Structures are given as structure tokens and as C-alpha cells.
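First the structure, in the form of C-alpha cells, and then the observations on it.
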Amino acid sequence: MSSGKMRPKLSPQLTVEHALLGFLQHMPLHGYELHQRIQDAQRLGLVWRVKQAHVYALLAKLEADGLVQAELIPQEARPPKRLLQLTAAGHTAFNTWLSAPVEHGRDVRVEFLAKLFWAQQAGVGATQKLLAAQRRVTRNLLANIESELPGAEDAQCYALLVNEFRRGQLEAMLRWLDTCEATLIQVPVEQNMQARLIG
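Take 52 as the starting number for the sequence shown in the numbering used here and just add one per residue.
Now the structure itself:
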């Protein structure tokens, strides 16, 4: 570019964009096909609902950012179709996003579920790596919460109730990660529970 400035990288938080990149990992697709796949009620459609117009807007952004490129396919008596495929930068952006755990408990409900979907598509190794990384982050978050718990003299304070709620969420998340591993990788839940107690 003439200004000499590089275009900003795709933000790790832009989960829908990363999901679209994932669908282009192995084959080029049209925008309509991408919308159909991201809305599949048995797959990522369980995580969110995205309108078709929004998908097209996101694809235009990804193309402007150099993460996807379009090839025009002529059609008789109709406008040409745009066949989208990943660029090298798009592959890198997707793989970087996929390998990183989410840093906040609130991001598990959407972003981590999307990562888990794609990790499962990539195989057992990618799934196990993601679950292990997320477990480490969650343990650290839990340790931070426990270090902030008020003393006994403040047992009725609002801060205690908030921290207890957050601690409960993080403990539930660790149990759920154990269940994910037991289901997707066939690691017994009891083994993870023992490792947690030891660690």
C-alpha cells in the first residue's frame, strides 16, 4: 500500500470470521454454500445464527484483509459466481486462532465451542492440544479467583458472592473439559479428576 502501513491482522475475537475460514481450509466454496454450512443445525448452527447478508459482509472483509481471494465463475445468462478460497495468510490466521485457548470464561459459550468443532475436524491431536491448553488457562483463572476470595469477616459481602459464582463456573468448566476429553479422545473422566487433584 502506498501509505506503507500494513493492514491490521484479523482479531482473535472475530469468531464467525474464523469459522468461515475453517470451511475454506480444504476446498473453495461460494458465499451461499458457506452460509448453509455455518447454519447447519447439527454443527455450528448449534452455536450461533448468522444472517446470509452478514456472512457476505464478513466475506468481503476477509477478502479486503487478504485472507480469502475470489475467482469469478461465468454463468450463462446470470452474473458470475464468486468462488472463494483461502490465501496463505488465511491459513495462518485460522491455524493460529484454532490453537489458542480462550482467555475469559465468558468466551467459552461461543468462541471455544467453535474452536472445539474445528479441532475435532482436525483430528485427535488437535483436539487434545486445545483441551489441554484450555484446561491450563481455566486452572489459572480459578487460582486467581481463589486468591481474591474475601476473608471470613467479610463472608456476607457482595464481592464474596460474585467470586463464588465465578469459581463455580470455572469448576464446572473444568468438569466439562474432562467430559469433552472422555467423549472425544476416550480419556476416562476419573483420570482427569485425579490429575487435577495431584496438580
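Even glycine gets a Cβ: it sits at the ideal position worked out from N, Cα and C.
Predicted, not measured: the structure shown is a model, and the values here were computed from it.
DSSP places Ile124 inside the beta strand (DSSP E), whose first and last residues are 119-126. Following the DSSP letters along the chain, one finds Lys180 inside the alpha helix (DSSP H) bounded by residues 175-198.
Contact fails between the stretch 94-108 and the stretch 119-135, because fewer than three Cβ pairs, one in each stretch, are under 8 Å apart. As the crow flies, the alpha-carbon of Leu95 is around 15 Å from that of Leu75.
The Cβ-Cβ distance between Leu228 and Leu182 falls below 8 Å. Counting other Cβ atoms within 10 Å of its Cβ, Phe163 reaches 16 or more and is therefore classed as buried. If you compare the alpha carbons of Thr143, Arg157, Ile196 with that of His69, the shortest gap goes to Thr143. Annotation note: the stretch 70-126 contains the following uninterrupted alpha helix (DSSP H) runs of length 4 or greater, listed N- to C-terminal: 82-89, 103-115. Leaving aside the five residues that flank Leu192 on each side, the residues in its chain whose CB is nearer than 7 Å to its CB run, in chain order, Gly156, Leu221. With respect to Gly141, Leu72 sits close: the two C-beta atoms are nearer than 8 Å. For Gln220, the enclosing alpha helix (DSSP H) starts and ends at 209-235.
Cβ contact annotation for Glu199 (same chain, cutoff 7 Å, sequence separation greater than five): Asn214, in chain order. The beta carbon of Pro131 sits closer than 7 Å to the beta carbons of Leu123, Ile124, Pro125 from its chain, once the five residues preceding and following it are set aside; these are given in chain order.
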